[in-house]
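Asker: I'd like to ask some things about the structure below.
2 protein chains.
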Amino acid sequence: MTVSSPSASSAGSPRSVATKARKASVLAAALDCFTRLGTDGTTIQDIQRQANCSIGSIYHHFGSKEGIAEELFLDGIARFNKGMVRQLKKCQDAEESVRAVVGYYCDWSTRHRELARYLHSRDIDFSTDAKARLKRIHQDYIAAVFLWFAPFVEAGQMRQLPIDTYVPLISGPIQEYVRRWLSGHHNIGPKQVREVFADAAWNAVKG
Amino acid sequence: MTVSSPSASSAGSPRSVATKARKASVLAAALDCFTRLGTDGTTIQDIQRQANCSIGSIYHHFGSKEGIAEELFLDGIARFNKGMVRQLKKCQDAEESVRAVVGYYCDWSTRHRELARYLHSRDIDFSTDAKARLKRIHQDYIAAVFLWFAPFVEAGQMRQLPIDTYVPLISGPIQEYVRRWLSGHHNIGPKQVREVFADAAWNAVKG
DNA sequence: CTTTTTACTAGAATCGAATTCTAGATTACG
DNA sequence: CGTAATCTAGAATTCGATTCTAGTAAAAAG
């Protein structure tokens, strides 16, 4: 492995750019195939053809079909989380923050419907390595969210509860609603019931 | 197809008993393999060996590996739902009913931990046929639950809300908590946070 | 009680898709 | 330049799901 100076690697040597683009195109192709043909129905060839690259190239970058699926999942979660944290930081108080969580969930799922669907389709059942990476992502997220909300709890704007219960209380209902919507169980989009869930979320945790 | 008298088929002709037993043993073996080796990591041979039967037998009963997975899923959901409805019918009023939903979720997931884990690991992404069967199971459940709760809404004990929001509001948080617990994200079992979620559920829908 | 049909079991043979392997091209870097 | 590392290709292999053929035992028909 080459340990180049940290600053140089991130930017744009001709190859690293090409590599990033190729990986991205494979992931995009994979998502599209998974959506159209189902995760199991998709073959490496389907992805490879759609991404315009060779089998060798795919295996070089992802190691296995499962590797593609994991990357897509972890990458998607990470992006979702990042956006969430960004939204939170725009908020002024506890209530606005809690409502922002629900709102962001609705917006993001509507905007990235296919990816959202994919993220919902897998949740447990990963390789040891992917599990570790997921746990890491998850912990970073929890830490960021915790940092944001802790002062509100301190100040009494939000109730004091077991630490692991906040996320389920706030986002559980909207998440479950979105899951059902994405599986085609109901037709009313999340944006139209957003208020109901935002109210419930705030109610569940307000001081 | 033989159309025997309806009453006779359900009970216990020597063959139908043996068949039921074999199917059950395959499903049990499958669940165990899925738990130990992961859904993808499990081969038909693994299941076949553990269930002590031949490949032909498995394919005769389930048609495909996916068929086993679907049967396990649908059967599990159906049993969960049935138990839930039974619990509900023991309740006297709205609040007790709502709390019972959360309680049942905790108990069942703890008692049938492996099956619960499996049910959480798949949620979308089924064959057309399985989707139809799932929808049917789902509708029956919703109908039963709706029948139970409707009078309470009428009587003003529970709030009037968009029909599809009740289930996510009541069971979303505990479900999300259990999912995280089953994936190993936190160590405190659902029974220890049951009250928090029961309170929140009742709060979200009380009149 | 035979015959015939149907449900079920068995396991070898097939087929297809994931993965591995070898070779060659391109880029970084001293 | 030249040497190593990264990356791309696609043919060859491997492994597992599925199919097929044959046979057994229970049920239904007569």
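These protein sequence lines map, in sequence, to chains A and B. So in the numbering used here, spot 8 of the first sequence is number 67, and the numbers just go up one at a time. So in the numbering used here, spot 79 of the second sequence is number 138, and the numbers just go up one at a time. Idealized CB from N, CA, C, for every residue including glycine. All values derive from a computational prediction rather than experimental measurement.
1) Distance, Cα to Cα, residue 228/A vs residue 220/B?
2) Would you say residue 231/B lies against chain A (beta-carbon separation less than 8 Å)?
3) Under a three-way DSSP split, which group does residue 265/B fall into?
4) Are any of the Cβ atoms in chain A nearer than 8 Å to that of residue 200/B?
5) At 9 Å on the CB atoms, spell out the chain A contacts of residue 262/B, in chain order.
6) Using a C-beta to C-beta distance shorter than 9 Å, which residues of chain B count as neighbours of residue 187/A?
7) Let's test the definition: count the other Cβ atoms within 10 Å of the Cβ of residue 184/A and tell me whether it reaches 16, buried, or not, exposed.
8) Got a sec: which bits of the stretch 119-140 of chain A sit with their beta carbon under 9 Å from any beta carbon on chain B, in order along the chain?
9) Quick one: measure Cβ to Cβ for residue 144/B and residue 214/B, integer angstroms, because I've assumed they're closer than 8 Å.
10) Rounded to whole angstroms, what's the CA-CA distance from residue 248/B to residue 78/A? Just pull it up for me.
11) With 8 Å set as the bound, which would you pick, yes or no: does the beta-carbon of residue 234/B sit closer than that to a beta-carbon of chain A?
12) Using the C-alpha atoms, what's the distance from residue 94/B back to residue 177/B?
13) Could you compute how far the alpha carbon of residue 209/B sits from the alpha carbon of residue 153/B?
14) Straight-line CA distance for residue 160/A to residue 174/B?
15) Please list the partners that residue 244/B has in chain A, where partner means a Cβ-to-Cβ separation under 7 Å.
16) Taking the straight line between their C-alpha atoms, what separation do you get for residue 157/B and residue 199/B?
17) CB-CB under 8 Å to residue 237/A, same chain, minus the five flanking residues each way: which ones, in chain order?
18) Chain B beta carbons: is any one of them nearer than 8 Å to that of residue 69/A?
19) Comparing C-alpha positions only, which one of 218/A, 172/A, 254/A, 194/A sits nearest to residue 241/A?
20) Mapping DSSP to helix, strand and coil, what is residue 68/A?
21) Listing by chain order, which chain B residues have their CB less than 8 Å from the CB of residue 179/A?
22) If I measure Cβ to Cβ from residue 133/A and keep anything under 8 Å in the same chain, skipping five residues before and after, which residues do I get?
Answerer: If we stick to the structure as given:
1) 19 Å
2) yes
3) strand
4) no
5) 259, 262, 263
6) Correct list: empty, because the minimum Cβ distance to chain B is about 10 Å.
7) buried
8) 125
9) Rounded, the Cβ-Cβ distance is 20 Å, inconsistent with contact.
10) 44 Å
11) yes
12) 8 Å
13) 10 Å
14) 31 Å
15) 197
16) 19 Å
17) 164, 165, 168, 175, 179, 249
18) No answer about residue 69/A holds up, because its pLDDT of 39 lies below 50 and its placement is not dependable.
19) 172/A
20) Interpretation of residue 68/A is limited by its pLDDT of 35, a score under 50 that renders its predicted location unreliable; the figure taken from the coordinates is listed afterwards. It is helical.
21) 182, 183
22) 189, 192, 193, 196
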